[in-house]
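Quick note, the sequences are listed as chains A and B, same order. Quick note: to get our numbering, add 18 to the position in the first sequence (first position is 1). Quick note: to get our numbering, add 18 to the position in the second sequence (first position is 1). Here's the structure we're looking at; comments come further down.
There are 2 protein chains.
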Amino acid sequence: MARMSRADNAPQGFAPPLGDMSIEEFRRYGHQLVDWIGDYFASLDERPVLAQIEPGDLIKQLPTAPPEHGEPMAAILADVDRLIVPALTNWHHPSFFAYFATSTSAPGIFGELLCAAFDVKALLWRAAPAATELEEVVLRWLRQLIGLPETFGGIIYDTASVSSMHALAAAREHVNLRIREDGMSGRVDLPLLRIYSSEQAHSSIEKGVLTLGFGQRALRKIPADAEFRMQPGALAHAIAEDKQQGFVPCAIVATVGTTSTSSIDPVPAIADICTRENIWLHVDAAYAGSAAVVPELRPVVMAACERADSFTLNPHKWLFTPFDLSVLYCRRMDVLHRAFSLVPEYLRAPQAERETVTNHSEYGIQLGRRFRALKLWFILRYFGHEGLAARIREHCRLAQLFAAWVDAAPLWERLAPVPLSLVCFRACPQRANESEADAAARLDALNEQLMHALNASGAAFLSHTKLNDKFTLRLSIGNINTTEVHVRRMWELLHEHLARLSAR
Amino acid sequence: MARMSRADNAPQGFAPPLGDMSIEEFRRYGHQLVDWIGDYFASLDERPVLAQIEPGDLIKQLPTAPPEHGEPMAAILADVDRLIVPALTNWHHPSFFAYFATSTSAPGIFGELLCAAFDVKALLWRAAPAATELEEVVLRWLRQLIGLPETFGGIIYDTASVSSMHALAAAREHVNLRIREDGMSGRVDLPLLRIYSSEQAHSSIEKGVLTLGFGQRALRKIPADAEFRMQPGALAHAIAEDKQQGFVPCAIVATVGTTSTSSIDPVPAIADICTRENIWLHVDAAYAGSAAVVPELRPVVMAACERADSFTLNPHKWLFTPFDLSVLYCRRMDVLHRAFSLVPEYLRAPQAERETVTNHSEYGIQLGRRFRALKLWFILRYFGHEGLAARIREHCRLAQLFAAWVDAAPLWERLAPVPLSLVCFRACPQRANESEADAAARLDALNEQLMHALNASGAAFLSHTKLNDKFTLRLSIGNINTTEVHVRRMWELLHEHLARLSAR
């Protein structure tokens, strides 16, 4: 980057370009902050993962009213150390194994820093040509990296919840029942619209269903098989039953990488049903989609995904991208456009421009849009295809390693297959002469205690789910800093905490 | 901020904490980037406001495929200079007067930088206690700054479009017709639900209506008066008419600071109607709400707003906060919660925690939430109440000044009142012996040409609207760097371009 030196030529009488902070002060505090962040990262291993505070602890330490007069930047930054850091759960800690473990990365942070400095609002092409065009470029690159065909257009949203909501809104438009124009209330002619997902689908699907006005009744949760995958037979049966009752199937949501177990719905069989019945197929690959950048994993996660109408993945989950950045690929961008386009006069660009550009705000609820493509562009370039694939491959290897330890250990059991980088397991020490119900209750309580004790120690952080009514521990590997050392240490910690609890 | 020096104690065998970038490299590139941003700001005055490129120019310069191998950070940063900067429309330029002019600020940029480094996802309190609690603190501070009573709870979303959609979803829940459970389709018992707004309301209201499944038919646009404010008489009449037909009024959206003219709907009279009819009142003060931090402007923008059920304002518009950060205040957080709460097992926190904390993700579509409160906390502290008020007061003074110049100039006319910092005007050179229709067409064409010529010059950027069918220029002042020098220069530029066009 070339240093510019045009400041000296600025006309007289102009305000300093950053409010009342001089450029020199901006540099000074900026350097200080960068150094501080470097130290923060360097010291992460020794910090607790889960914040060691009680609810309300931070609020208590802050004034109840805003300051009347401005405060020095130095005082504010000092309070980050004193007040904010102790209240952080450190997502970037290499022993963060909860939820889906994620991480930012240096190029991602730099991308966000520039995004905040440029602070463009991509309402229209002309308002932010760089953001609009770079979004097209990175979406094309990412599409190639995961192996979706060119028939897919794409758009960047904030979260998978919002991506999936848009997919379902497009599906609603696709049934062609004048819902954009006439809505869903006060209509005797509008049959019940159905959305189908596996019972293992993420709660965001149900939230999208609620938001769009379908209602909980509209969501039919299809039973999963013993490996937590949607049963296509049950799906076909449900659709036939619904059609017999005069209901209209609107969309089927297949999940590639469920949140509880990372199970992968049988997309090929589901796509067959969608084709036969002409139903919109949305694939929620928020977590697992990133794994498709690994050549040998691509067939596992992408089988038949090219037949989906829409497909979502979150680079902020497993592509080392700072939160938020969720991608929706869609084979029917025209339908998405029909569902959301509105161009008021105050946003009308010149005709010639409108005919040649894509205004992404016409494809979604949000009018203003951050320059999110910038950080993803940095990341795709900095790591390259190879670099991204190597990291995800290693995460999957670590999960297999951990799963093998669980399988070989007498006091532990694995509760789901491990197709990617998530291991579901629990401690299961047996007791003689115990009824099945007593054992079940005891093991649930034990594993919950174990998890809370381990998390409370600050040494590592993992979360849970329920599988076949069993309290299940989840070890998710996705942090760029997590190495075999951390996974091994986690396994030791589990043993230590189990021994301590068993000794009581 | 204290420098930490714990890195030396880190256990052996750990990966570098930023992927493969060493802390030293992170510091080096970070400093370089901070310096570059300082230079960028210092040179803004001499850059074009509107990007001087044609559609496709950036895409053309970028590879069609992602790199196989990682690239050096230096090469990526060099491309920011070479490729990204020329494709930027510079929102932070002091002569950016288009749409609603906005700006970031140094503390806001620092807040975003830390947000990207911490990269927490505020799914639950425990996942991000600092984000959860700081959100409560800054919302309390901001509520006091604008003078809303304590009866309002609040939540931070990304954009006003999303805030208003949530307000309308709460209103839908509030009509108590089992829409969460039974939805809106396939119901013969569900009457048409109506949403009312002024014809001057922002398009995001209509987009919210579309998204939620109400349909365009549900939105009744109430005529505005000569000063572009909703007519309460017409509203009362529309409601009576609708009720007679068996429709159910669901929500009324009043706008405080419309996008076209910054007109302010008569909230007191509208609130009377809402109280009488028991209809949810949402106030969209996305732009103008910030002006309530100025004591003498507070009565202008906040009159009767304490009677609203929900109220939105965007600190990213006029409080020098990097995009995105929109606030929704709501008197009925319980209703918002009922509309959106869903807690799957994998997100269930310990009972004791659940009883004491607020999990903001239960109040909206997004599960993951950025640590947006951090930048707003920085800004409220750095500027203080006084500093924010002084800047907004000055923007309003500049708008009055510009309006006075327009009023005094024979070739120009003002087309709307100027309650805040937006001036609507046009050039109106007269011609003898011209029919009214010819004059109207000529002036529309002239002002459109004038706007495009001025914008294309790069010297300044303004946008337009249509008022009473007239092509209307909008001068919006809201950038922290804009001074009287820039407004005066804008006025000269308008004259120069008008003279040039008139000479043809």
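Just so it is clear, CB atoms sit at the ideal spot from N, CA and C, and this is done for glycine as well. Here the structure is a predicted model, which means the values were calculated and not measured.
- Against residue 239(B), chain A offers no close residue; the least beta-carbon distance is about 12 Å (beta-carbon pairs closer than 9 Å).
- With contacts defined by Cβ atoms closer than 8 Å, residue 386(B) and residue 389(A) do not form a contacting pair.
- Listed by position along chain A, the residues whose Cβ is nearer than 7 Å to that of residue 80(B) are 155.
- With 16 or more other Cβ atoms from the protein chains shown falling within 10 Å of its own Cβ, residue 384(B) counts as buried.
- Cβ contact annotation for residue 518(B) (same chain, cutoff 8 Å, sequence separation greater than five): 471, in chain order.
- With a beta-carbon spacing of about 15 Å, residue 142(B) and residue 225(A) fall beyond the 8 Å limit used to define contacts.
- Collapsing the DSSP output to three states places residue 240(A) in a strand.
- From the beta-carbon of residue 388(A), the residues of chain B found nearer than 7 Å are 341, 342.
- Neighbours of residue 261(A) in chain B, taken as residues whose beta carbon is under 8 Å from its own, are absent, since the nearest beta carbon is some 13 Å off.
- The region 282-298 of chain A makes contact with the region 246-264 of chain A: 3 or more CB pairs, one atom from each, lie closer than 8 Å.
- With a beta-carbon spacing of about 15 Å, residue 477(A) and residue 61(A) fall beyond the 8 Å limit used to define contacts.
- Scanning 53(A), 261(A), 434(A) for the CA closest to the CA of residue 444(A) turns up 434(A).
- If you compare the alpha carbons of 402(B), 498(B), 221(B) with that of residue 366(A), the shortest gap goes to 221(B).
- Looking only at 448(B), 207(B), 413(B), 515(B), the smallest Cα-Cα distance to residue 501(B) is reached by 413(B).
- The three-state reading of DSSP puts residue 328(B) in strand, counting E and B together.
- Residue nearest to residue 232(B) within the set 242(A), 269(A), 191(A) is 191(A) (criterion: CA-CA distance).
- Closer than 8 Å to the CB of residue 158(A) there is at least one CB belonging to chain B.
- By the Cβ criterion, the region 236-245 of chain A is not in contact with the region 256-267 of chain B, since fewer than three pairs of Cβ atoms, one from each stretch, lie closer than 8 Å.
- Going by beta carbons, residue 456(A) and residue 488(A) fall outside the 8 Å limit.
- Residue 168(A) carries a coil assignment under DSSP once its states are collapsed to helix, strand and coil.
- A direct Cα-to-Cα measurement between residue 421(B) and residue 212(A) gives close to 55 Å.
- Under the 10 Å beta carbon count, residue 448(B) is surrounded by fewer than 16 other beta carbons and is classified as exposed.
- DSSP places residue 461(B) in the uninterrupted alpha helix (DSSP H) bounded by 454-475.
- Residue 225(B) has a beta carbon lying within less than 8 Å of a beta carbon in chain A.
- In this structure, the alpha-carbon of residue 291(B) lies about 22 Å from that of residue 183(B).
- The C-alpha of residue 505(A) lies about 13 Å from the C-alpha of residue 513(A).
- Nearest C-alpha to residue 119(A) among 380(A), 348(A), 306(A): 306(A).
- In the assembly as shown, residue 271(A) is a buried residue. Its beta-carbon has 16 or more other beta-carbons within 10 Å.
- Interface flag for residue 248(B) against chain A is unset, since no Cβ pair is found closer than 8 Å.
- When beta bridges are read from the DSSP output, residue 274(A) appears opposite 282(A).
- Contiguous alpha helix (DSSP H) elements confined to the region 126-182 of chain B occur at 147-164, taking only those with 4 or more residues.
- Your pair residue 235(B) and residue 207(A) does not check out as a contact, with CB atoms roughly 13 Å apart and the cut at 8 Å.
- Spanning the alpha carbons of residue 480(A) and residue 53(A) requires a straight line of approximately 30 Å.
- The beta carbon of residue 188(B) is closer than 6 Å to those of 353, 354, 357 in its chain, skipping five residues each way along the sequence.
- In chain order, 363, 364 make up the part of chain A whose C-beta sits under 7 Å from the C-beta of residue 483(B).
- Look at residue 481(A) here: in three-state DSSP terms it is strand.
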